[in-house]
Every structure is written in C-alpha cells, then in structure tokens.
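Chains as they are written, first to last, in the working numbering: chain A, 376 to 502; chain B, 376 to 502. Just so it is clear, CB atoms sit at the ideal spot from N, CA and C, and this is done for glycine as well.
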DNA sequence: CTGTTATTTAACCGTTGTGTTAATTAACGG
DNA sequence: CCGTTAATTAACACAACGGTTAAATAACAG
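Printed below as a string of structure tokens:
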C-alpha cells in the first residue's frame, strides 16, 4: 500500500464525526461493537461499517473473542496522521524563516514562484 | 464556533486529496489561486472552492493583493488537528499503563466498561 | 472606455458516503 | 437441537461532495 493511500484513508476516516467519537471512546479502553454502538442513536450495521473504515485506516484493530469482537485503538493511524501534519507544519516554519531572510536582504516581495517544474497531475485517487 | 465544529471542518478539509496537495504546495511558500491551480487538471472554480473550504478550516489564509489573491498556510488548523491526534494518542498510552496495572493486580480481564453514563447522542453535525 | 486577466458565483450533475431495514452467519447457553 | 445474542452482509434511499461550464465581479493596462 502506498503512503498516499494510507494518508488518504486515515484522513477520510477521521472526517466523520461518528468515527472520531469512536476513536475518542476507544482511547479510554477497548469495547465490543455493541458497547460502542450504545451511546449512539444510529444502527448497529452503521457502526459496524464505520469500524471497518477505521480498521482499514489502521486507527482501530479488532480481535475476535468468542461471540464478541473486541475493538482497540491502533496507534499506527494516529501516529501517521500526526507525522503528516507535523511535517508540513514544520516545513512551513522553515519557509517562514527563509521568508524572513529574504525580507532582510531588502527584496521588496517574496519571489512569485512562477514557472515551477510541477508536472500536471490529476486529482489523485478518486476521493 | 465550538471546538467540535473546528475539528470537524479541519478533518473534513484534509480528507480531500486535492486539498491536502494544496496544503503541501503552500508549505513551500505562498501562491495565487491560479498558481495553485496550475499543477492540477481540474478547473479554476474547483480550486477556488477548495480554498474556501481550507480557509473555513483555518488551514489557509487568503489576502487580497490587487488583482490577485495570495494564499498562505494558516498554522492554526494544522496545530489544532495535531493536538487532537496527540491527545488521544497519549490518552491511549496512559490507558495502556492502567491496563498493565490491572493485569498485574491479577484481574483476569480488563473491566467490561458496561453501564456507562454516556447520554445517548446523535451523530453530531450532518457529515 | 475597452479589453484582458484573476477570481468567484451560479446552476447543474454524476458519484460517493452514510444511513436504514431485512436477512444471514457465528457463537454461546440451556 | 433450539432460542438468543453478537455482528456482518445485502439492498436500497437520499444528502452531500466535487466536478463542470457559463456568467459575473474586480482590478489592471492601454
């Protein structure tokens, strides 16, 4: 699986409020699917599918336990997302420094960044 | 604006690959809308709307500059998202410790977390 | 003024996501 | 076995999303 696909799944998964609530709930300990569903008004199948999305994003792991299915947080997804955010957050910090340098060297405005060598690329994976 | 709404906008915004690409691009410096659109195959109006979404999420700030509109990263959104992730990531770490303690005190399995006092709540904001 | 460039607004449309209910599979308990 | 509980699969409805093109707005340049 490509790094892009992983990031995409993680942020798509976290975009849904119900799924974020599930992550929050699981942060305080494991739970079965039915237990997870209880506080919500939505149906069990809906929760079940949310869990599959979370699992595909490496945000949740499920483990069969007889009749039950115990769900736990999977740190990997959270970690990956946090790294993505931090990377661009810090990158931005650095470029601020570079911008500062620029201003100090008496250049009236930052370069227009025109004529870059980006190859045209499509809007990536469908959604 | 509630904290929940802010988080929701941020993760919804980051769920789209085009919007993440814009964030990435802006990490290396400001750009106008047309400049941002260039590497993509999608139309300018599409980019324009993506930018409004990013702005509403405090991930991008726009500033009029005559005929142009200069776009820059807004650290606030990235920061907020990173904090959200870290909070639950660390919370999970702590509860692992608590789980460990539990196991060491010869309890066969972690408590079932039944009969919690969660009030039933709906699936929050529409999408 | 007039034309050109930059960007947004409006109207529309196909796809995807999320919810539902009904039916199915799996495991337990008498 | 049989009934019950846990969870998933299937089939469907509907809102929201992200794309498009055409038209509008804004600022600049002759």
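Below-9 Å beta-carbon distance, residue 456 of chain A vs any chain B residue: Position 81 of the first chain holds residue 456 of chain A. Cβ-Cβ to chain B under 9 Å: yes for residue 456 of chain A.
Span of the alpha helix (DSSP H), counted from its first residue to its last, around residue 379 of chain A: Residue mapping note: residue 379 of chain A aligns to position 4 of the first chain, counting from 1. Note, residue 379 of chain A: alpha helix (DSSP H), 378-389.
As assigned by DSSP and simplified to three states, the class of residue 437 of chain A: As a working note, residue 437 of chain A is residue 62 in the first chain. Here residue 437 of chain A sits in strand by DSSP.
Limits of the alpha helix (DSSP H) - the one that residue 400 of chain A falls within: For this step, residue 400 of chain A is matched to residue 25 along the first chain. Per DSSP, residue 400 of chain A belongs to the alpha helix (DSSP H) from 392-402.
Where the beta strand (DSSP E) containing residue 413 of chain B begins and where it ends: Against the second chain, residue 413 of chain B aligns to sequence position 38. Element bounds for residue 413 of chain B: n/a, residue is neither H nor E.
9 Å Cβ cutoff, residue 395 of chain A in contact with chain B: For the purposes of this step, residue 395 of chain A is identified with residue 20 of the first chain, where counting begins at 1. Cβ-Cβ to chain B under 9 Å: yes for residue 395 of chain A.
Rounded Cβ spacing between residue 409 of chain A and residue 401 of chain A (contact assumed at less than 8 Å): Here residue 409 of chain A refers to the residue found at position 34 when the first chain is read from its first residue. Here residue 401 of chain A refers to the residue found at position 26 when the first chain is read from its first residue. Contact flag wrong, Cβ pair sits at about 14 Å.
Interface flag, residue 423 of chain B vs chain A, CB-CB below 9 Å: As a first step, residue 423 of chain B must be located in the second chain, where it is residue number 48. Not an interface residue.
Proximity winner among A/390, A/464, A/423, A/387, relative to residue 443 of chain A (alpha-carbon distances): For the purposes of this step, residue 443 of chain A is taken as residue 68 along the first chain, with counting starting at 1. The residue with the shortest Cα to Cα distance from residue 443 of chain A is A/423.
Under 9 Å between C-beta atoms of residue 396 of chain B and residue 432 of chain B: The residue you call residue 396 of chain B lines up with position 21 of the second chain. The residue you call residue 432 of chain B lines up with position 57 of the second chain. No, Cβ-Cβ distance for residue 396 of chain B and residue 432 of chain B is not below 9 Å.
Selected residue, minimal CA-CA separation from residue 406 of chain A, among A/436, A/421, A/384: In the first chain, the residue the question calls residue 406 of chain A occupies position 31. Out of A/436, A/421, A/384, A/436 has the C-alpha closest to the C-alpha of residue 406 of chain A.
Presumed contact (8 Å Cβ cut-off) between residue 453 of chain B and residue 460 of chain A, rounded CB distance: Taking the second chain and counting its residues from 1, the one referred to as residue 453 of chain B is at position 78. Taking the first chain and counting its residues from 1, the one referred to as residue 460 of chain A is at position 85. With a Cβ gap of about 5 Å, residue 453 of chain B and residue 460 of chain A count as contacting.
For residue 425 of chain A and residue 456 of chain A, the rounded distance between their alpha carbons: For the purposes of this step, residue 456 of chain A is taken as the residue at position 81 of the first chain. For the purposes of this step, residue 425 of chain A is taken as the residue at position 50 of the first chain. So the alpha carbons of these two residues sit roughly 18 Å apart.
Neighbouring residues, chain B, relative to residue 541 of chain A (Cβ below 9 Å): Since the first and last residues shown for chain A are 376 and 502, residue 541 of chain A lies out of range.
Bounding residues of the alpha helix (DSSP H) (the contiguous stretch that carries residue 423 of chain B): As a first step, residue 423 of chain B is located in the second chain; it is residue number 48 there, counting from the start. Segment 419-431, the alpha helix (DSSP H) holding residue 423 of chain B.
Beta carbon proximity, residue 464 of chain B to chain A, threshold 9 Å: As a first step, residue 464 of chain B must be located in the second chain, where it is residue number 89. Chain A, which has a Cβ nearer than 9 Å to the Cβ of residue 464 of chain B, makes this yes.
According to DSSP, residues forming a beta bridge with residue 443 of chain A: If you number the first chain from 1, residue 443 of chain A lands on position 68. A/440, per the DSSP bridge assignment.
Check: residue 398 of chain A C-beta below 8 Å from any heavy atom of the ligand HEM: Judged by which ligands are present, the structure shown has none, so any question about the ligand HEM falls away.
Contact set between the stretch 377-393 of chain B and chain A, restricted to residues whose Cβ is under 8 Å from the partner: 379, 382, 383, 386, 387, 389, 390, 391, 392, 393
Environment of residue 417 of chain A [buried if 16+ CB atoms lie within 10 Å]: Locating residue 417 of chain A in the first chain gives position 42, counting from the first residue. Looking at its Cβ environment, which holds fewer than 16 other Cβ atoms inside 10 Å, residue 417 of chain A is exposed.
Contact check, residue 428 of chain A vs residue 391 of chain A, beta carbons under 9 Å: The residue labelled residue 428 of chain A in the question sits at position 53 within the first chain. The residue labelled residue 391 of chain A in the question sits at position 16 within the first chain. A contact, by the Cβ cut-off of 9 Å.
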